[in-house]
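Start counting the sequence shown at 1; every next residue gets the next number (the UniProt record's numbering). Below is one structure; the comments refer to it alone.
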Amino acid sequence: MVRTHFLTYGQGGDIHVFDPKTDQTEHIRCADQCFCLAVHEYHIFIETNRNELEVCFYAHGDSLPSLAHFTQPVSALCLSSSLLFIGTKDSKVVMMNLNDDSNKLKYFDGHQAPILSLNGEYAHIDISEYISKSTSIPLDKEESEVEKMTTISGDDEESESISNHDEEVKEEIIPKWFKYALSMINETKPS
C-alpha cells in the first residue's frame with residue numbers, strides 16, 4: 001500500500017495503482033515481467049525477469065536506473081524502515097540502505113535453500129550476535145532502558161554489558177516480540 005493506494009503487479013510487466021477513494025486506476029508499465037514489488041515513499045522497487053532491481057517513481061511511473069543486478073532471480077523483497085531486504089533463489093539475503101546514496105549491498109549467508117519470504121520490523125539489530133550468544137533482556141524494562149543497556153552472556157566465565165555507544169551495537173529499538181523470543185530461547189537452553 002502506498003499512502004492510500006493499493007498496488008498490484010503481474011508477470012505481464014504492468015503495475016496497477018488503485019485509489020479506493022476515487023475508484024481510479026493508474027497503470028505503470030515496466031520493461032519486463034515483475035516478480036517482486038516493494039514501496040518506499042514514492043519509489044516502487046521491482047524485481048524483473050532479468051534479475052535486476054529496478055525503481056519506478058510512483059507518481060508518474062518514470063523509470064530510474066537499475067539499482068542492482070543479481071545472478072539468480074529475486075524471490076522476496078521486504079522494506080523495514082529505510083532498509084530494503086532482498087532474498088534470492090540462490091539462498092542469499094541482501095540488505096540495501098535506501099538513505100545511503102552509495103547503493104552498497106550487504107550480504108547475509110547461512111541459508112541452504114531459496115528465500116521464499118522476508119519480513120522485518122526494525123532494521124538495526126545484528127541478529128548474528130544474538131544467535132551466537134545467549135541473551136538476557138528483562139521484559140519489565142521500558143524501551144528506553146533496554147536501549148541503554150543489553151546484557152549478553154557468553155561462556156560460563158564471560159559476561160559483558162554493552163551500551164549503545166559501543167561500536168558493534170547499533171540498535172534503535174528492540175521490538176517486544178524480539179525480547180519475548182529471546183527470553184523463550186534463554187529458558188529452553190540447557191545449563
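Cβ coordinates follow ideal geometry from the N, Cα and C atoms, glycine included.
- Around the CB of tyrosine 107, fewer than 16 other CB atoms lie within 10 Å, so the residue is classed as exposed.
- Residue burial annotation: lysine 104 is exposed, with fewer than 16 other C-beta atoms found within 10 angstroms of its C-beta.
- Contact check for leucine 116 against leucine 77 fails: the beta carbons are separated by 8 Å or more.
- Secondary structure note for histidine 43: its beta strand (DSSP E) is the uninterrupted segment 43-48.
- Classified as buried, glycine 87 has 16 or more neighbouring CB atoms from the shown chains inside 10 Å of its CB.
- Of all alpha-carbon atoms in Glu47, Lys21, Leu79, the one lying nearest the alpha-carbon of glycine 12 is that of Glu47.
- Around the beta-carbon of lysine 92, 16 or more other beta-carbon atoms lie within 10 Å, marking it buried.
- Rounded to the nearest whole angstrom, the C-alpha separation of aspartate 23 and threonine 4 is 12 Å.
- Only exposed fits alanine 113, as fewer than 16 other CB atoms lie within 10 angstroms of its CB.
- The beta carbon of valine 94 is closer than 6 Å to those of Ile86, Leu105, Tyr107 in its chain, skipping five residues each way along the sequence.
- The beta-carbon separation of leucine 67 and leucine 53, rounded to 5 Å, stays under the 8 Å limit for a contact.
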